[in-house]
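Numbering (the numbering used here), first residue to last: 307 to 645.
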């Protein structure tokens, strides 16, 4: 509850107001495809690899594999964006990774929440058709709530015309859109926060100097990320890596395989789409190795219900994958960029 209601709205809203909306629209096709269909494909590939590799249907059923696949599909390029900037990587490449993470995270959180709801209610008879309907409902419902709350903020800002009140309203809008969508209408709170943040950014972009707003939310985001890493550090135990080392290795392999499959398997087709700048093989390689996991994966792993028999295995895999991506992929990325 603390993770979902305390930290996730901050992380999502901060990313939403940080993004360059104009450049986002210019690259909307690859970002949308990466954030929705390719994210779902990545989840399926990761789940299949985990289920097949662990091969323990009683202790790690399909539902466990898909929950793990969902939380492992949330990318977090924060740790590598600085490296890309220092290496003079193309701004488009940085935007693609940032935009993918922004929408990818929200999609992963929505899917994760639905799967957890099914798993905890023991709704084994739930069909894929009903799952898709529920996914669409919470997705589009959250979008509508986000737009409405963002527009209300814009009207109040125009009426009061104060930079300080604008910052205060941004905090209120982030949490109110989440609570209204999540608790009142049973839609997706994170989608609502995402759309609300983008709406506020677009409508109020010319009203005030957003430098102070961005600095304020960057500070809040840093605090939220730090708290999540601290909580993860407290819950990490040596026994995780002793008892679950094989599951962790399978998880790392599954994540790398799914990432390589969706990038190298699908991105070449982007080069034939109209109005889409082609992606070179070098760019595809950077996108593959740059798909690191971080804060959102940890947050979802920390929020796993202890009532699930397989929560410990999923959490161990998540921690192992995040440690690998931060200390292997992030450290070796500069060498790859030089090549």
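Note that the Cβ used here is the ideal one computed from N, Cα and C, for glycine as well.
Cut-off 8 Å between Cβ atoms - residues of its own chain near residue i, not counting five sequence neighbours on either side
i	result
residue 579	335
residue 402	333, 336, 337, 340 and 593
residue 342	409 and 413
residue 520	323 and 324
residue 577	584 and 585
residue 426	611, 613 and 614
residue 518	469 and 473
residue 591	642
Cβ separation of residue i and residue j, assumed to be a contact under 8 Å, to the nearest whole Å
i	j	result
residue 391	residue 400	7 Å
residue 496	residue 415	5 Å
residue 647	residue 563	This structure gives no information on residue 647, because the portion of the chain shown stretches from 307 to 645.
residue 551	residue 319	37 Å between Cβ atoms; not a contact.
residue 377	residue 607	6 Å
residue 510	residue 570	Contact doesn't hold; Cβ gap of about 40 Å is too wide.
residue 398	residue 420	Going by Cβ atoms, the distance from residue 398 to residue 420 rounds to 33 Å, so no, they are not a contact pair.
residue 463	residue 475	6 Å
Own chain, CB closer than 7 Å to residue i, minus 5 neighbours either side, in chain order
i	result
residue 628	599, 600, 603 and 604
residue 572	344
residue 325	404, 405 and 408
residue 451	483, 486, 487, 491, 493 and 498
residue 360	366, 553 and 556
residue 445	416, 494 and 497
residue 639	386, 389, 595 and 596
residue 533	313
residue 612	none
residue 616	365, 366 and 370
residue 546	622 and 625
residue 310	609
residue 530	313, 316 and 317
residue 308	none
residue 481	315
residue 477	none
Buried versus exposed call for residue i [16 or more other C-beta atoms within 10 Å across all chains shown]
i	result
residue 315	buried
residue 536	exposed
residue 548	exposed
residue 383	buried
residue 565	buried
residue 634	exposed
residue 643	buried
residue 431	Residue confidence is low: residue 431 scores 48 on pLDDT, short of 50, so the model does not pin down where it sits. Its coordinate-derived value is still stated next. With fewer than 16 Cβ atoms within 10 Å of its Cβ, residue 431 is classed as exposed.
residue 381	buried
residue 368	exposed
residue 507	buried
residue 411	buried
residue 436	exposed
residue 539	exposed
residue 526	buried
residue 449	buried
residue 645	exposed
residue 351	buried
residue 418	buried
residue 468	exposed
residue 561	buried
residue 541	exposed
residue 363	exposed
residue 589	buried
residue 505	buried
residue 646	This structure cannot settle anything about residue 646, because the visible part of the chain is limited to 307 through 645.
residue 358	exposed
residue 422	buried
residue 620	buried
Other residues of its chain near residue i: CB distance less than 6 Å, five sequence neighbours each side excluded
i	result
residue 297	Residue 297 is absent from the structure shown; the chain starts at 307 and stops at 645.
residue 568	344, 347 and 348
residue 443	none
residue 558	627 and 630
residue 479	455, 459 and 502
residue 321	408
residue 500	318, 322 and 412
residue 461	none
Which residue spans inside the region 392-465 form an unbroken alpha helix (DSSP H) run of at least 4? 397-426
What alpha helix (DSSP H) runs, 4 residues minimum, are completely inside the region 493-577? 495-509, 516-541, 544-549 and 551-576
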